[in-house]
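Below is one structure; the comments refer to it alone.
Protein chains in written order, with our numbering: chain A, 1 to 109; chain B, 110 to 588.
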C-alpha cells in the first residue's frame, strides 16, 4: 500500500490478511474490495433474488459461489467433488470462475 | 453508482501527521495527504468515486482502494454486519488467581469498596471467616494449578483486607505453591498489594528473597494520604508508612515496586502525587485509578473532575513521551498499559479477564469474578474445593459480552474499554452488565491521548514500541 502505512501490529495483520485475498467475484468498474465469503446473504437463505448491488454475484446460490463456497461451509447441497479428500486439485486450472469455468476438471466418483 | 462512506474510525494527529484508529479491528494506520483527504471527505458525507475525483483529483483511485481494503471506507448501501458474539470455549486457562487472605484491615479508608458505604459483602458479620486458613489457601493453589491448564506459568496475587495481617498463611502458601508447581513442571509467580503499615524487616527480607512483586496502596503526599487513608481512630497513616516504604524500596530490589493511587474529588493533583511518589519516595512506577463509588458520595469524582483529571493525565503522558523518546524510564504505568494494548491492536469482547483468566478467591474458598467480588454470593463462580461452576461462568460470559452493550456500539473506544469495570458498574448502577456510561468522555479523551502518544512514538522512537513485542514473545515462551 502506498497511501496508508501500517503502524501497530493489528494493522500489519489487516494488511497481510487482505493482501492475498481470493476475490471470487469480480465486478466491473469497481475497485476490488476485499471479499470474505461467509455463507448466505442476509435476508434470503439461501439467497436467490438479488444481492445488494442488484446483481446475483453476492448471493449464496449462483454458480460461482456454489462451486467455491457451498460445498465447504454451507448446508446447501452443491454438486461438486470432495475437494478436501478426494479431488484436491479439481479447480487447479480455474483461476476465476466466471472466465475459466470450462477448464474445471471432470471428476468421476 | 456506488457511494462511499467512512466506516467507524477515530482520526488523530501525532508528530504533525494524520493517523487513523479503525474500529472494530483496532488497526492503526498512518495516512498520507491523499488518504487523509479522502477519509475526511467521506466522513463528512457519502461521495461517489466521481465526486471524489472531481473534488480531489485523480489520485483518489488507488487511495480509495486502499482505504476500502482496510475497511476504513465502505459502501453506503452495505453497512458492516454487527460483530459476531463469540463466547470463549471452556475451560479457559486461569492465569491469575487473586487470593483474599483476609477481609480484615487495620485502616479505615473512607472510600474503601470493601469496608466503606458501598461495600458488597458484610466483612464484619458475614459468613466468611475473617482470615483464610492454611488449608483453604492450599486448596486454592491446587485449584489454580489445575485450572491453569496448559499454561506453564501461573500468577498468584495476595490481597485483602490488609494482606499482611495474614502473613503467616501467605508465607506457607508460597512455599506450598512452589513445591506443588515444581512437582508438575510449572512455575508460579507471586505478588501482593498492601497498605505498607505492617511492613517490617523480616517481611521485607522474605518478599525480596522470594521475588514477590509488591504494589503499595498510597494516595500521595502526607496531606493527601491522610485525608482518607486513616487508622480506625482517624489518625492519618502517612507518617507510619513513609519510612517503611523507603526501607522496602531500598532492600527489595528483585522486582520493580509500584504505587497504586486512588483519586478522589479532593485529591486530583496527579502530577504532584506522581512527583512525590517517584522522586521523593522512590517508586519505580505509579498507577492511578479514580475511586469507585456511588455518585452521591462526597469523594465521588464529578464530570468536571474527570476533565481536570484528563488534563493532568495528558500532561503526565507527554512527560512520559519525552522520557521515552530520550530513552529514559518514566513510571507512569497507566499509559504503558494502554500503549501496549494499542500496539497489539486488542479489540476486547470483555473489559477485563474477570471470570475468564482471572478469578478472586474469598477467605472461605468461594471463587468469585475477581477480588472485588470475593465473598459475594451473587457473583460466585464456584469454590476452590468443587472447581469452577461452568454453567455460572457461561451465563456470566453470555451476559457480559460487548455485543450486549448496545450503548457501546457507537463508540470508537470500545475495542479498548469494552464497557469498563464490572465492579464500577455494580457500584454505580447495581448491575455488572451495565456499561459505565458516566466516564465515557473520560475514556475517549484518555484513549485519544494515548493514541497521540503512540503515534508520536511510532515516528520519533519506534524502537520503544518493540519492547511490547518482546513481552509477547516472553509470554508465549512461558505459556
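Beta carbons: idealized from backbone N, C-alpha and C, even for Gly.
- At a beta-carbon threshold of 8 angstroms, none of the residues of chain B lie near residue 16 of chain A; the nearest stands roughly 11 angstroms away.
- Not one beta carbon of chain A lies nearer than 8 angstroms to the beta carbon of residue 166 of chain B.
- The Cβ atoms of residue 270 of chain B and residue 214 of chain B lie closer than 8 angstroms to each other.
- Among the residues of the region 442-474 of chain B, those with a Cβ less than 7 angstroms away from any Cβ of chain A are 451, 452, 453, 454, in the order of the chain.
- Residue 272 of chain B carries a helical assignment under DSSP once its states are collapsed to helix, strand and coil.
- Each of B/479, B/493, B/489, B/467 was checked against the Cα of residue 500 of chain B, and the nearest Cα belongs to B/489.
- Bounds of the beta strand (DSSP E) holding residue 394 of chain B are 394-399.
- DSSP places residue 369 of chain B in the uninterrupted beta strand (DSSP E) bounded by 367-372.
- Restricting attention to alpha helix (DSSP H) runs no shorter than 4 residues, the region 251-312 of chain B encloses them at 276-292, ordered along the chain.
- In the three-state reduction of the DSSP assignment, residue 555 of chain B falls in the helix class, which pools H, G and I.
- Residue environment for residue 101 of chain A: exposed (fewer than 16 other C-beta atoms within 10 angstroms of its C-beta).
- Taking a Cβ-Cβ cut-off of 8 angstroms, residue 315 of chain B has no neighbours in chain A, whose nearest Cβ is about 39 angstroms from it.
- For residue 115 of chain B, there is no enclosing alpha helix (DSSP H); the enclosing beta strand (DSSP E) has its first and last residue at 112-115.
- In this structure residue 196 of chain B is exposed. Its beta-carbon is surrounded by fewer than 16 other beta-carbon atoms within 10 angstroms.
- For residue 138 of chain B, a Cβ of chain A is located within less than 8 angstroms of the residue's own Cβ.
- DSSP places residue 342 of chain B in the coil class of the three-state scheme, outside both helix and strand.
- Contact check between the region 243-250 of chain B and the region 369-376 of chain B: fewer than three CB pairs, one atom from each, fall below 8 angstroms, which does not count as touching.
- Two segments are said to touch when three or more pairs of C-beta atoms, one from each, lie closer than 8 angstroms; by this definition the region 204-214 of chain B does not touch the region 427-441 of chain B.
- Among the CB atoms of chain A, one or more fall inside 8 angstroms of the CB of residue 567 of chain B.
- Residue pairing for residue 156 of chain B: DSSP places it in a beta bridge opposite B/113.
- Non-local C-beta neighbours of residue 424 of chain B in its own chain, meaning closer than 7 angstroms and more than five positions away in sequence, comprise 380, ordered along the chain.
- Annotation for residue 475 of chain B: the continuous beta strand (DSSP E) segment containing it runs 475-477.
- Taking all protein chains in view, the Cβ of residue 330 of chain B is crowded by 16 or more other Cβ atoms within 10 Å, so the residue is classified as buried.
- Using a CB distance below 7 angstroms, no part of the region 408-438 of chain B faces chain A.
- With contacts defined as CB atoms closer than 8 angstroms, residue 300 of chain B and residue 323 of chain B qualify as a contacting pair.
- In the DSSP assignment, residue 209 of chain B falls within the beta strand (DSSP E) that extends over 205-209.
- Burial state of residue 524 of chain B is buried, judged by a 10 Å Cβ sphere holding 16 or more other Cβ atoms.
- Note that the C-beta distance between residue 313 of chain B and residue 361 of chain B is below 8 angstroms.
- In this model, residue 83 of chain A and residue 91 of chain A are separated by some 9 angstroms (Cα to Cα).
- For a Cβ distance threshold of 8 angstroms, nothing in chain A lies close to residue 159 of chain B: the least Cβ distance comes to about 11 angstroms.
- Using a Cβ-Cβ cut-off of 9 angstroms, residue 179 of chain B is close to 1, 4, 6, 11, 14, 15, 18, 34 of chain A, given in chain order.
- Only residues of its own chain outside the window of five on either side were considered, and among them 451, 454, 455, 456, 524, 525 have a CB closer than 8 angstroms to the CB of residue 135 of chain B, listed in chain order.
- Between the region 148-156 of chain B and the region 563-578 of chain B, the count of C-beta pairs closer than 8 angstroms stays below three; the two stretches do not touch.
- Taking a 10 Å sphere around the C-beta of residue 186 of chain B, we find fewer than 16 other C-beta atoms and assign the residue as exposed.
- Residues of chain A whose Cβ lies closer than 8 angstroms to the Cβ of residue 144 of chain B are, in chain order, 3, 4.
- Contact note: residue 141 of chain B reaches chain A through 3, using a C-beta cutoff of 7 angstroms and chain order.
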